[in-house]
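Okay, structure first, notes after.
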Amino acid sequence: MKVKILIYMNEKSLSNSKNDLKELIRRTNEKFIKEDLIPFLKIPSYTSNREAIKEAKDFLTSYISNFCEKIIEIEGETNPLLIAEVDGDIKDRLLIYMMYDTQPVNNENEWVKNPFGAEITDLPKPLDKLDKVIIARGAYNSKTPLLCFLNVVKLLKEEEKLPISLIFLLDGEEELGSPTLLNTLKKKKNMFTACTDAYYPSIKQDLNGISILKLGYKGILSFTIKASTTNKELHSAFSAMIPNPAQDLIFVLNRIYSENKFKINSLSVPYKMTEKENKIIEDLMASIDLGIIKEKAGIRQTLIDDPKLNFIDYLFNPTFNISTLKSGYLENGVKNMVANKAECNIDIRFAHDVSVNLIFE
7 MKVKILIYMN EKSLSNSKND LKELIRRTNE KFIKEDLIPF LKIPSYTSNR EAIKEAKDFL
67 TSYISNFCEK IIEIEGETNP LLIAEVDGDI KDRLLIYMMY DTQPVNNENE WVKNPFGAEI
127 TDLPKPLDKL DKVIIARGAY NSKTPLLCFL NVVKLLKEEE KLPISLIFLL DGEEELGSPT
187 LLNTLKKKKN MFTACTDAYY PSIKQDLNGI SILKLGYKGI LSFTIKASTT NKELHSAFSA
247 MIPNPAQDLI FVLNRIYSEN KFKINSLSVP YKMTEKENKI IEDLMASIDL GIIKEKAGIR
307 QTLIDDPKLN FIDYLFNPTF NISTLKSGYL ENGVKNMVAN KAECNIDIRF AHDVSVNLIF
367 E
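If you count the sequence shown from 1, position 178 lands on 184 in the numbering used here, and the numbers rise without skipping.
Put into structure tokens, the structure is as follows:
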């Protein structure tokens, strides 16, 4: 299997190095995949699997213990976080944020291989052009980028070529919204004062082998809305005289978002693209195939037909998504009753320069 890794360092010092790092990566790559990466991917460390999360955490602790100067385990609300210090050639530090938990597996029968088997195989067309790949939950997001990055740091430390000091922050609760992260950053503030910047390793390529550089992410606000009454679940004949939580919930949702438009002042104004962003869009539209991107993502229907406007909406415009909506009788058949509770899960994503607290208020 071929793994391309971009390394930014002084080319002169690299060429004069006794052991060329690029060659070292190539030479040790097969061993790394077989002995480190595949065993790590076989651990079913989806967020709610506490036993497997501990196994993944112990694996990482053991893996980095030989090249980290200090490792701290932080007890999280659900799963632990790891903080580790790595000394480089200069004392300035770069904060490296990574996660080791994953989403659970849905529709396992649709996977071409066992999602926790970490088998090396070929993909069906049109993805067969990728050659041999590893099939596993977390192989793409984000256990492979995590371990590949740690492997490069390990090799740099062994060659005494790590150009800058690092602090690793390995999160076991990212898929839950990182509930422990903010308090950890506050309580351990002194550890991060020397960090000049933060980086999230994301070793990804498109189908043509071109490395993907992400310039940023939309902000996200996730929350749950619940409506309820003190009534029992009553026959719908009483619906004219009692409140209906489902209708109340719909009313609230329409106050936030209706007819494909936000009713929230901070997000009701369209995002205003800069001249630089417009130039980036023009360059991207000339170099990418949105049809392939849509096919890969499984998109068959879009709100509008214009590819460029679709792409701009995806990158810049705010989104309102209801991921869960439930109330009343959810079994087979029909039951004429008035539910006494209703709830939904919502996520709002936005590129606007506005705080999450302001949107929530």
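C-beta: ideal position from N, C-alpha, C; glycine also.
Residue 19 burial status per 10 Å Cβ neighbour count (16 or more: buried): Residue placement at residue 19 is poorly supported in this model, since its pLDDT is 47, which falls under 50; the coordinates still yield a value, given next. It counts as exposed.
Excluding the 5 residues flanking residue 87 on each side, which residues of the same chain have their C-beta closer than 8 Å to its C-beta? 79, 80, 175, 176, 177, 178, 179, 186, 187, 190
Beta bridge counterpart(s) of residue 330 as assigned by DSSP: 351
Helix, strand or coil for residue 218? Go by DSSP, reduced to three states. coil
Length of the line joining the Cα atoms of residue 138 and residue 130: 11 Å
Residue 111: which of 264, 302, 145 sits nearest, CA to CA? 145
Proximal residues to residue 355 (C-beta, below 6 Å), its chain only, five neighbours per side dropped: 224, 226, 325
Residue nearest to residue 160 in terms of C-alpha spacing, selected from 299, 286, 72: 72
Considering only residues of the same chain and omitting the five flanking positions on each side of residue 237, which have a CB-CB separation below 7 Å? 248, 346
Have a look at the DSSP bridge pairing and note the partners of residue 205. 102
Looking at the C-beta of residue 62, does it have a partner C-beta in chain D at a distance below 7 Å? This model lacks chain D altogether, as it is built from one protein chain only.
Endpoints, beta strand (DSSP E) assigned at residue 228: 225–234
Can the beta-carbon of residue 93 be found closer than 7 Å to that of residue 170? no
C-alpha gap between residue 260 and residue 235, whole angstroms: 20 Å
Over what stretch of residues does the alpha helix (DSSP H) that includes residue 191 continue unbroken? 187–193
In the DSSP assignment, what are the bridge partners of residue 176? 88, 104
Between residue 205 and the rest of its own chain, which residues show a CB-CB distance below 8 Å, the 5 nearest in sequence each way excluded? 100, 101, 102, 103
Suppose only complete runs of 3+ residues qualify. What are the beta strand (DSSP E) ranges in the stretch 96–161, listed by chain order? 99–105, 125–127, 139–141
For residue 219, count neighbouring C-beta atoms within 10 Å of its own C-beta (all shown protein chains included) and say buried if the count is 16 or more, exposed if not. exposed
Below 8 Å, can you find three or more Cβ-Cβ pairs linking the stretch 355–366 to the stretch 317–336? yes
Please classify residue 315 as buried or exposed, where buried requires at least 16 other C-beta atoms within 10 Å of its C-beta. exposed
Starting from residue 80, follow the beta strand (DSSP E) in both directions and report where the run begins and ends. 76–80
Buried or exposed for residue 320, going by 16 or more other Cβ atoms inside 10 Å? exposed
If you draw a straight line from the C-alpha of residue 158 to the C-alpha of residue 31, how long is it? 8 Å
Is the distance from the Cβ of residue 108 to the Cβ of residue 56 below 7 Å? no
6 Å Cβ shell around residue 62 - same chain, five flanking residues per side excluded: 49, 51, 106
Just checking my contact of residue 74 with residue 231 at CB under 8 Å: how many whole Å lie between their CB atoms? That pair is no contact at about 43 Å.
Nonlocal neighbours in the same chain, by C-beta distance under 8 Å from residue 296, ignoring five residues either side: 313, 316, 317
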